[in-house]
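Q: Going by the working numbering, the first residue of the sequence shown is number 9, and it counts up by one from there.
Yeah, the Cβ is synthetic: ideal placement off N, Cα and C, and Gly gets one too.
Because the structure is a prediction, the values reported are computed rather than measured.
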Amino acid sequence: IIEFFFLNLAWMIALAVPMAVLVATLTAYGRLSSDCEITALKSSGVGQVRLLMPALIIGTLMAVLLVIFNNNFLPQMNHRSRQLQADIKRKRPTMVLEPGVFLSDIPGHVMIARDVNQQTSEVQDVVVYEEDDPEYNTAITARRGLLRFNENIESFEFTLRDGQILRASKKKTNEYQQTNFEQAVFRIQATDVSLK
Numbered sequence: 009i010i011e012f013f014f015l016n017l018a019w020m021i022a023l024a025v026p027m028a029v030l031v032a033t034l035t036a037y038g039r040l041s042s043d044c045e046i047t048a049l050k051s052s053g054v055g056q057v058r059l060l061m062p063a064l065i066i067g068t069l070m071a072v073l074l075v076i077f078n079n080n081f082l083p084q085m086n087h088r089s090r091q092l093q094a095d096i097k098r099k100r101p102t103m104v105l106e107p108g109v110f111l112s113d114i115p116g117h118v119m120i121a122r123d124v125n126q127q128t129s130e131v132q133d134v135v136v137y138e139e140d141d142p143e144y145n146t147a148i149t150a151r152r153g154l155l156r157f158n159e160n161i162e163s164f165e166f167t168l169r170d171g172q173i174l175r176a177s178k179k180k181t182n183e184y185q186q187t188n189f190e191q192a193v194f195r196i197q198a199t200d201v202s203l204k
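1. Using the Cα positions of Ile196 and Pro83, report the straight-line distance between them to the nearest angstrom.
2. What does the alpha-carbon distance come out to for the pair Asn160 and Gly116?
3. Beta-carbon separation of Tyr137 and Arg175 under 9 Å?
4. Would you mind working out which of Glu190, Leu111 and Glu165 sits nearest Ala150, comparing C-alpha positions?
5. Which residue comes first and which comes last in the beta strand (DSSP E) that contains Glu130?
6. Anyone know if the C-beta pair for Phe166 and Val193 falls short of 9 Å?
7. For a minimum of 4 consecutive residues, which ranges assigned as the alpha helix (DSSP H) are wholly contained in the segment 50-102?
8. Three-state secondary structure (DSSP) at Thr181?
9. Could you tell me the alpha carbon to alpha carbon distance between Lys179 and Gln185, rounded to whole angstroms?
10. In three-state DSSP terms, what is Phe110?
11. Since Arg152 contacts Glu183 with CB under 8 Å, what's their CB separation in whole angstroms?
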């Protein structure tokens, strides 16, 4: 978790530093102007260029450092962050599954669960809709189940209990199948999810 937050600091720095320099410059010169310090400095012989020199030097230095940072460090840290995020999704697919919210991260399937245990990857009252079957509309419902990613065969593995498979033909509207099961294991190929 610490590594994940550290890696995500990169894009925050890339956005925050230019805005911080802008706000600091506006605040400093605004305060000098409102307190009539600029008038006092000009009356004592300080020119406009000398007055702006500190802001120009710091702004140029920050711009050079940000170009180096954005060019060399930001892409690598973003890439490592995405790799780590993919690893987390693979190890615990339920981390991205929220109760009552449709999940479409699994290729060709949409899933929703009433209750999700993030620690054990268990789900309660789960419904899985298959979108990739050209002939049938398929919905799998179960009272409880377990969702894991199997790295060896690069697939999501659902172990569902106390459920049923409902299939309706897309071409023949009167054709309908219902299969009840006590326990069933479903595997969904997900080669795109594995890290290459």
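A: Quick answer:
1. 32 Å
2. 20 Å
3. no
4. Glu190
5. Glu130 to Glu138
6. yes
7. 56-76 and 82-99
8. coil
9. 14 Å
10. coil
11. About 29 Å; that fails the 8 Å criterion.
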